[in-house]
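Numbered per our numbering, the sequence shown spans residues 19 to 586.
Glycine included, C-beta positions come from ideal geometry on N, C-alpha and C.
Owing to the predicted nature of the structure, the values given are computational and were not obtained by experimental measurement.
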Amino acid sequence: MELGLEIPFSRWLTAIGLLTESELQEAEARHQTTGERLTDAIVHLGYMSGDEMAGALARRLELPYFRRDDFPTVPPFLKNLSPHYMRQYRFCPLVLENDILTIACADPLDPVVVDDLRPALAVTIRLAVASEPAILEAIERYFGRGSTAVQKAIEDIREDDDGIGEDGVNVDSLRDRASDAPVVRLVNLLVENAATSNASDIHIEPFEDSLRVRYRIDGVLFDAEAPPKRLRAAVTSRIKIMAELNIAERRLPQDGRIRMNLQGRRLDIRVSTIPTIHGESIVMRLLDRAAILMPFDRLGFHAGMERHVERLIQLPHGMMLVTGPTGSGKTTTLYAALDKINLPGKKIITIEDPVEYQLQGINQIHVKSKIGLSFAAGLRHIVRQDPDVIMVGEIRDLETADVAVHAALTGHLVFSTLHTNDAPGAVTRLLDMGVEPFLVASVLDGVLAQRLVRLICSACRVPYDPTPKELSALGIDAVPSGTTLFRGKGCSDCRETGYRSRMGVYEFLPMTEELRSLTLRKASGQELRQRAIAAGMTTLRQDGWAKCCEGLTTIDEVLRVTHGDAEE
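#1: Would you mind reading off the limits of the alpha helix (DSSP H) that contains R144?
#2: Output the boundary residues of the beta strand (DSSP E) element that contains T435.
#3: How is A217 classed by DSSP in three states: helix, strand or coil?
#4: Based on DSSP bridge pairs, tell me the residues matched to I118.
#5: Does the contact criterion of 3 or more C-beta pairs under 8 Å hold for the region 404-424 versus the region 363-376?
#6: For I118, count the other beta carbons within 10 Å of its own beta carbon; 16 or more makes it buried, fewer makes it exposed. Which is it?
#7: Residues in its own chain within less than 7 Å of K540 by CB, not counting five upstream and five downstream?
#8: Rank I494, C475 and C478 by C-alpha distance to the C-alpha of P484 and give the top, closest one.
#9: Could you have a look at M337 and say whether DSSP puts it in helix, strand or coil?
#10: Taking R29 as the reference, which of P111, I60, E54 and Q50 has the closest Cα?
#11: In the structure shown, what three-state DSSP assignment does Y482 receive?
#12: Would the beta-carbon of P481 fall within 7 Å of that of T501?
#13: Per DSSP, which residues does V471 bridge with? Please list them.
#14: Out of curiosity, what's the CA-to-CA distance linking S197 and A212?
#15: So for Y160, helix, strand or coil by DSSP?
#16: Candidates R447, P442, I408 and R559: which alpha carbon is nearest Q548's?
#17: By DSSP, does L570 sit in helix, in strand, or in coil?
#18: Just grab the DSSP bridge partners of L503 for me.
#19: According to DSSP, is D371 part of a helix, a strand, or is it coil?
#20: State the Cα-Cα distance for the pair D315 and A138, rounded to the nearest angstrom.
#21: Counting Cβ pairs closer than 8 Å, one from the region 135-153 and one from the region 107-126, do we hit at least three?
#22: Confirm, please, whether the CB-CB distance from A152 to R105 is below 7 Å.
#23: CB-CB under 7 Å to E589, same chain, minus the five flanking residues each way: which ones, in chain order?
#24: Using the C-alpha atoms, what's the distance from R277 back to L209?
#25: Could you give the DSSP three-state label for D286: helix, strand or coil?
#26: Relative to the C-alpha of C509, which candidate in F526, L533, S476 and E532 has its C-alpha closest?
#27: Classify E525: buried if its beta carbon has 16 or more other beta carbons within 10 angstroms, exposed otherwise.
#28: Is it the case that the region 288-301 contacts the region 252-260, given that we only count it when at least three CB pairs across the two stretches are under 8 Å?
#29: Quick check: the region 418-438 against the region 510-519, are there 3 or more CB pairs under 8 Å?
#30: Tell me, please, whether the CB atom of P246 is closer than 7 Å to any CB atom in chain C?
#31: Would you grab the beta carbon distance between G336 and A426 for me? Rounded to a whole angstrom, and I think it's under 8 Å.
#32: Quick check: A242 and Y233, are their CB atoms within less than 7 Å of each other?
#33: Restricting to Cα atoms, I'd like to know which of L36, P93, P94 and E80 is closest to G68.
#34: Here's the rule I'm using: 16 or more other beta-carbon atoms within 10 Å means buried, otherwise exposed. How should Q403 be labelled?
#35: Could you give the C-beta distance for G237 and R447, rounded to a whole number, given that I count them as a contact under 8 Å?
#36: Once you ignore the five residues that flank I259 on each side, which residues in its own chain have a CB closer than 8 Å to its CB?
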């Protein structure tokens with residue numbers, strides 16, 4: 019740090035009470051005698067600790083501050099970055115996302131690091147501050163002789179012969195490579211880093227010259243450290259062995275499941291592989307029991323909607339549908355509803371593809387299409403088991419819809435899901451499938467549409483005033499008097515995104531007599547929607563706006579998840 023910049027900072031320390039004038043004078047005298055940095059002199063004299071000095075510097079420069087415990091479990095993978103160079107200039111890479119590399123520096127005002135790294139790595143550099151001991155400790159942990167991080171695992175893996183022909187796969191060779199300790203450690207590190215980051219999915223994608231790894235965190239994909247392309251076959255084979263898939267089959271999609279213990283935490287991982295022109299693409303979904311088994315009263319309904327939905331799930335018979343795209347939390351909502359009504363006096367049976375989690379006291383069936391156990395076939399047998407409540411994982415075709423509707427007609431309460439953009443769209447989807455209008459009007463009691471929005475990070479939440487353009491996009495004229503909107507500035511806690519965790523926004527359509535009449539005459543989805551809104555239905559965007567006013571999420575986030583949906 020140059021002297022001209024250091025003096026104002028030292029004076030600033032005295033101005034805010036972290037250093038007295040006499041202590042500063044003594045430190046300046048030591049600085050003149052020894053030639054060391056003034057900040058180092060202050061620390062050496064014991065007037066401030068290294069962590070206190072780093073925290074103060076970050077505060078003065080308005081940069082993120084990383085403590086020892088804030089450093090990631092696994093650093094980003096970067097080629098040609100010498101540990102010796104990092105020690106010399108006292109910095110350590112932390113996160114690589116969308117070609118933005120965040121580094122922790124002991125001296126963020128030293129221009130050498132940024133000037134060297136930007137052209138060498140072809141990335142944008144984002145600075146953060148950490149104490150020198152924390153940085154040196156992290157470098158040793160990540161890149162020293164005792165390191166067990168991704169780079170060390172990669173270095174220990176022997177060269178991978180990925181040129182085996184598709185028709186002549188050497189299964190024994192693949193199995194041997196996948197069982198090597200460094201390969202096992204590498205795959206475990208990828209899963210561990212994803213779990214530590216609270217990722218819901220790991221995407222491993224082969225391209226012509228690279229192997230890409232991405233984590234989906236709070237619904238958004240982020241680039242992660244990735245092995246080189248030469249390790250594609252070893253990594254793929256290891257994951258397929260763990261998921262009990264056929265490692266010799268590279269031409270067809272496969273699905274499997276992994277159960278593993280990680281630091282005392284049980285992970286259930288759903289694995290899907292598909293063949294691409296450059297190799298097999300793998301998606302691993304990390305199923306978090308704590309996230310999917312959520313109490314009904316914590317789903318995020320406003321009070322009025324919660325009462326309506328709770329009344330619906332306690333009816334003796336009828337049908338309730340939950341709609342939304344893949345990954346919108348439909349299964350979580352249905353599991354919460356089942357848990358709410360799971361009482362000794364009720365028999366509940368579900369048929370799912372797949373069964374994501376086992377629910378205590380509930381009979382669950384896993385669809386097995388290869389042996390003829392489809393949703394429709396399983397549902398026919400379920401009704402003979404005398405259940406009170408039936409959950410069908412998804413209504414995909416007329417056969418399943420027809421059996422589910424008739425089950426609701428014969429005295430069962432049926433829950434299921436559909437892929438539609440909004441709640442009224444579920445009615446028209448059933449009619450388009452071929453279900454008779456009088457059947458839909460008779461059994462359907464309500465439809466719940468939902469999305470998941472990211473919540474504002476509580477650590478960096480700041481108030482802000484939305485622009486007229488933002489409000490107009492959401493269909494809002496003005497912010498209510500006395501209401502303050504917030505957004506996240508970005509910090510280490512939220513990976514500089516401004517968001518952390520998610521919750522639902524909802525649109526609930528109760529089937530009134532007017533809507534039943536419209537269903538009987540096959541009214542359009544738009545007409546159903548207009549009548550429902552006129553009757554007081556809260557739309558997805560209106561529920562999202564209410565959560566913005568509560569300081570939970572942002573207008574941008576509500577627009578992102580409801581983009582293209584019909585809104586009034």
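The structure says:
#1: Segment T142 to V147 is the beta strand (DSSP E) holding R144; no alpha helix (DSSP H) there.
#2: First-last of the beta strand (DSSP E) with T435: L431 to L436.
#3: strand
#4: The partner list for I118 (beta bridge, DSSP) reads E115 and T142.
#5: They touch, by the three-pair rule.
#6: exposed
#7: L449 and P455
#8: I494
#9: strand
#10: I60
#11: Residue state, collapsed to three classes: strand.
#12: no
#13: M521
#14: Distance between the alpha carbons of S197 and A212 is about 22 Å.
#15: helix
#16: P442
#17: coil
#18: Y482
#19: coil
#20: 52 Å
#21: yes
#22: no
#23: For the chain, the structure presents residues 19 to 586; residue 589 sits outside this window and is missing.
#24: Just to set this straight, residue 209 is Val in the shown sequence, not Leu. Cα to Cα, V209 sits roughly 12 Å from R277.
#25: strand
#26: S476
#27: buried
#28: yes
#29: no
#30: The chain inventory of the structure shown lacks chain C, comprising one protein chain alone.
#31: 6 Å
#32: Yes, they are a contact pair.
#33: L36
#34: Exposed, because fewer than 16 other Cβ atoms sit within 10 Å of the Cβ of Q403.
#35: Between G237 and R447, the beta carbon gap of about 24 Å keeps them out of contact (Cβ cut-off 8 Å).
#36: Result list for I259: R193, A196, S197 and I265, in chain order.
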